Amino acid sequence: MKNNIEDLINQAINKLQQQGMLDASLQPNIQVTRTRDVAHGDFASNIAMMLSKPAGKNPRDLAQALIDALPDNEHVHKVEIAGPGFINFFIHQQTTLDIIRTILERGDRFGTSEVGQGEKVQIEFVSANPTGPLHVGHGRGAAYGATVGSLMRAVGYDVDCEYYVNDAGRQMNILAVSVWLRYLQQLDVSITFPVNGYKGDYVLDIAAELVNKYGGVYAHEAKQVMNGIPADEPDGGDKEIHIDALIERTKLLLGDDGYRVMFEAGLDSILADIAEDLEEFGVHYDVWYSEQTLADRKLIEKAVQQLQDAGHIYEDKGALWFRSTSFGDEKDRVIIRDNGQATYFASDIAYHMDKFARGFHRVINIWGADHHGYVPRVKAAIKALGEDESKLDILLVQFAILYRGGERVQMSTRSGSFVTLRELREEVGNDAARFFYVMRKCEQHMDFDLDLAKSQSNDNPVYYIQYAHARVCSVLRQLAEKNMSHDIAAGNENLALLTESHETDLAIQLVKYPEVVEKAAVNAEPHLLVHYLRELANQFHTYYNAHQFIVEDDDIRNARLNLISAASQVIYNGLHLLGVSAPESM
RNA sequence: GCCCCGGUAGCUCAGCAGGAUAGAGCAGCCGCCUCCUAAGCGGCAGGUCGGACGUUCGAAUCGUCUCCGGGGCGCCA
Numbered sequence: 001m002k003n004n005i006e007d008l009i010n011q012a013i014n015k016l017q018q019q020g021m022l023d024a025s026l027q028p029n030i031q032v033t034r035t036r037d038v039a040h041g042d043f044a045s046n047i048a049m050m051l052s053k054p055a056g057k058n059p060r061d062l063a064q065a066l067i068d069a070l071p072d073n074e075h076v077h078k079v080e081i082a083g084p085g086f087i088n089f090f091i092h093q094q095t096t097l098d099i100i101r102t103i104l105e106r107g108d109r110f111g112t113s114e115v116g117q118g119e120k121v122q123i124e125f126v127s128a129n130p131t132g133p134l135h136v137g138h139g140r141g142a143a144y145g146a147t148v149g150s151l152m153r154a155v156g157y158d159v160d161c162e163y164y165v166n167d168a169g170r171q172m173n174i175l176a177v178s179v180w181l182r183y184l185q186q187l188d189v190s191i192t193f194p195v196n197g198y199k200g201d202y203v204l205d206i207a208a209e210l211v212n213k214y215g216g217v218y219a220h221e222a223k224q225v226m227n228g229i230p231a232d233e234p235d236g237g238d239k240e241i242h243i244d245a246l247i248e249r250t251k252l253l254l255g256d257d258g259y260r261v262m263f264e265a266g267l268d269s270i271l272a273d274i275a276e277d278l279e280e281f282g283v284h285y286d287v288w289y290s291e292q293t294l295a296d297r298k299l300i301e302k303a304v305q306q307l308q309d310a311g312h313i314y315e316d317k318g319a320l321w322f323r324s325t326s327f328g329d330e331k332d333r334v335i336i337r338d339n340g341q342a343t344y345f346a347s348d349i350a351y352h353m354d355k356f357a358r359g360f361h362r363v364i365n366i367w368g369a370d371h372h373g374y375v376p377r378v379k380a381a382i383k384a385l386g387e388d389e390s391k392l393d394i395l396l397v398q399f400a401i402l403y404r405g406g407e408r409v410q411m412s413t414r415s416g417s418f419v420t421l422r423e424l425r426e427e428v429g430n431d432a433a434r435f436f437y438v439m440r441k442c443e444q445h446m447d448f449d450l451d452l453a454k455s456q457s458n459d460n461p462v463y464y465i466q467y468a469h470a471r472v473c474s475v476l477r478q479l480a481e482k483n484m485s486h487d488i489a490a491g492n493e494n495l496a497l498l499t500e501s502h503e504t505d506l507a508i509q510l511v512k513y514p515e516v517v518e519k520a521a522v523n524a525e526p527h528l529l530v531h532y533l534r535e536l537a538n539q540f541h542t543y544y545n546a547h548q549f550i551v552e553d554d555d556i557r558n559a560r561l562n563l564i565s566a567a568s569q570v571i572y573n574g575l576h577l578l579g580v581s582a583p584e585s586m
């Protein structure tokens, strides 16, 4: 309808240009918006005010000229000039009510479209290091990424969701050592656990399984483990040096095979846990991409070589540097350390190179806001590799700050004192968690009050929306008890009977749904849908309180039941996109 | 020091490709169940849109400066 009106205005402008009232060279940017106030009709355009200056005419006079030039349209009921020169369009009520028929016909496909034209899009999100369970901070990225994926699919994009598994690098070595040391402790080897080790209970569980499976096969005496290892922090040493020495000692004592056992026990167990956690949260991935395979497939070397061939690499102090400053970064970055090891950045260049090689038209990375300093160098690398950087969008999700008892909850994976996503899900439920996480714009810091979320209180906005859906289901259930029926075809014939203001308001809200879904998808802003659904639920509840649906008059009853069925269908569709269930009774 | 995000009602936040009297939830106060679930509805009250200047017919929205809060700036990942 909006496009329709833009069309009409365009025709009017053309007509005035032909008549010489407007300069033919004007290329107006026609804006049509939905009005806030019903007194202003359904749609409004500011075109007359925008053209008033270049046309050298008073905006209200120009508006009148445009209105006179507007072609007739079956859906437009009335056009008015208002205020300083707005043109307000009033749509026929029947046109609005026809949306009910459309919704009931299209069912759960109502709101989907093809604007994405099947474009291949990759969304990578969460990608937390597999060194411990997901915590509530990851939950926001998970819910946000999954919802953006659903939204984009709904409007016709071909979406792949991907998790980048950081299964290589120092963190994983620290995990392997942590597992082994816990294993030794459980075999009563007296060892002080390093400050920098992973202290979470899950490491104890992994170690216990190893004890079960292998007994003392990988045991060594405390002396062998600790002799000659530089002191840890509490003993006046450096915790980083201490843990690195322990990694080397572990590799030495266990050999390659033994070390792999520790390494994989940690990785496999934690990754499986993460995958299960996300699946239970309704977050599905198409691809789990291993960082290790980049090295195995020599993609890192290839990426470095490609940059070198293009002349963007130089050597300094024994390391290889990428001249990222040539591409807008604030300083150059090391990609191969003086010890010959590739940096994480090098892997990431290779990873992004591979993303583009896989043929995505658009690549979306959803990162925690703490990675924002990393954005320029990744974009720099992409430019240096000759790729089109506009295909890469990096969306930064701000932290979810937890509050418990009015106090901020500190989180740290290493210390083991965090609230896990699983814990949150169990306490507030998947529906509330999914909903809360996408309620805010992603760049908005989020205060997540655990006490409030945990309390199964009525304040919970997700219940409010679900309740609207359940209420409609309940009404339809009652029909049978009252020996009455709902004839959808008859209802569609009688939509014109829906003349109450509550009914038109509700229908207008329903008309907006596809526009909201499209805008939420294109802008990656799920919160728009959340706000829309709240408003829709509110309009339904208001209608519910104002009028009876189960009435004796067959025509009115069928028409009203069609309207509320359509409303509940839209609520169902919207909640589904958010990954939230729509219960039939509550 | 540089960079990113935020500063709108008591609290948590929408609105920000400039537009017609700035919205919602919660909290507060007052009403509404002989009637399809009161997990609901209606009403009242509540705001110098952090501040200043600028652009504009018009600024919460755009620009510059400034103040406050959060985060980031490694041969870590």
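Residue numbers (the numbering used here): 1 to 586.
Ideal Cβ positions, reconstructed from N, Cα and C, are used throughout, including at glycine.
Since this is a predicted model, take the numbers as computed values, not measurements.
- For the pair residue 114 and residue 156, the CB atoms are nearer than the 7 Å cut-off.
- In the DSSP assignment, the residues bridged to residue 290 are 165.
- One Cα belongs to residue 81, the other to residue 65, and the distance between them is close to 11 Å.
- Secondary structure at residue 395: strand, using DSSP grouped into helix, strand and coil.
- Each residue's CA atom was taken as its position, placing residue 359 and residue 273 some 31 Å apart.
- About 5 Å separates the beta carbons of residue 111 and residue 517, which is inside the 8 Å limit, making them a contact pair.
- Rounded to whole angstroms, the Cβ separation of residue 176 and residue 266 is 6 Å, and the two are in contact under 8 Å.
- With contacts defined by Cβ atoms closer than 7 Å, residue 299 and residue 350 form a contacting pair.
- Two segments are said to touch when three or more pairs of C-beta atoms, one from each, lie closer than 8 Å; by this definition the region 486 to 495 touches the region 554 to 568.
- In terms of Cα proximity to residue 9, the closest of 72, 187, 221 is 72.
- Contact annotation, residue 32 with residue 6: C-beta distance approximately 5 Å; criterion of less than 8 Å satisfied.
- Taking C-beta separations shorter than 6 Å and ignoring five residues to either side along the sequence, the partners of residue 314 in its chain run 321, following chain order.
- Per DSSP, the continuous beta strand (DSSP E) segment holding residue 34 begins and ends at 32 to 34.
- Inclusion of residue 327 and residue 400 in the CB contact set at 7 Å is not warranted, their separation being larger than that value.
- Residue 291 is a Cβ neighbour of residue 168, given a cutoff of 7 Å.
- Between the C-alpha atoms of residue 226 and residue 519 there is a straight-line separation of about 59 Å.
- Residue pairing by DSSP places residue 402 opposite 448 in a beta bridge.
- Taken atom to atom, the span from the alpha-carbon of residue 426 to that of residue 459 is near 19 Å.
- Note on residue 480: under 16 other CB atoms within 10 angstroms of its CB, so exposed under the neighbour-count rule.
- Under the three-state reduction of DSSP, residue 494 is assigned to coil, being neither helix nor strand.
- Apart from sequence neighbours up to five positions away, the residues of its chain that approach residue 184 with a beta-carbon distance below 6 Å are 191, ordered along the chain.
- When C-beta atoms of the region 196 to 215 are compared with those of the region 123 to 143, three or more pairs fall below 8 Å, so the two segments count as touching.
- Apart from the 5 residues on each side of it in sequence, residue 476 sits with its Cβ closer than 8 Å to the Cβ of 486, 561, 565 in its chain, given in chain order.
- The DSSP-derived three-state label of residue 562 is helix.
- About 5 Å separates the beta carbons of residue 164 and residue 289, which is inside the 8 Å limit, making them a contact pair.
- Residue 283 is a Cβ neighbour of residue 142, given a cutoff of 7 Å.
- A direct Cα-Cα distance of roughly 31 Å separates residue 243 from residue 397.
- It is roughly 19 Å from the alpha-carbon of residue 442 to the alpha-carbon of residue 424.
- Under the three-state reduction of DSSP output, residue 315 falls in the strand class.
- In the DSSP secondary-structure assignment, residue 122 is bridged to 160, 363.
- Minimum Cα-Cα distance from residue 308 among the listed residues 335, 576, 340 corresponds to 335.
- Shown here for residue 249: same chain residues with a beta carbon closer than 7 Å to its own, the five before and five after excluded, namely 225, 229 in chain order.
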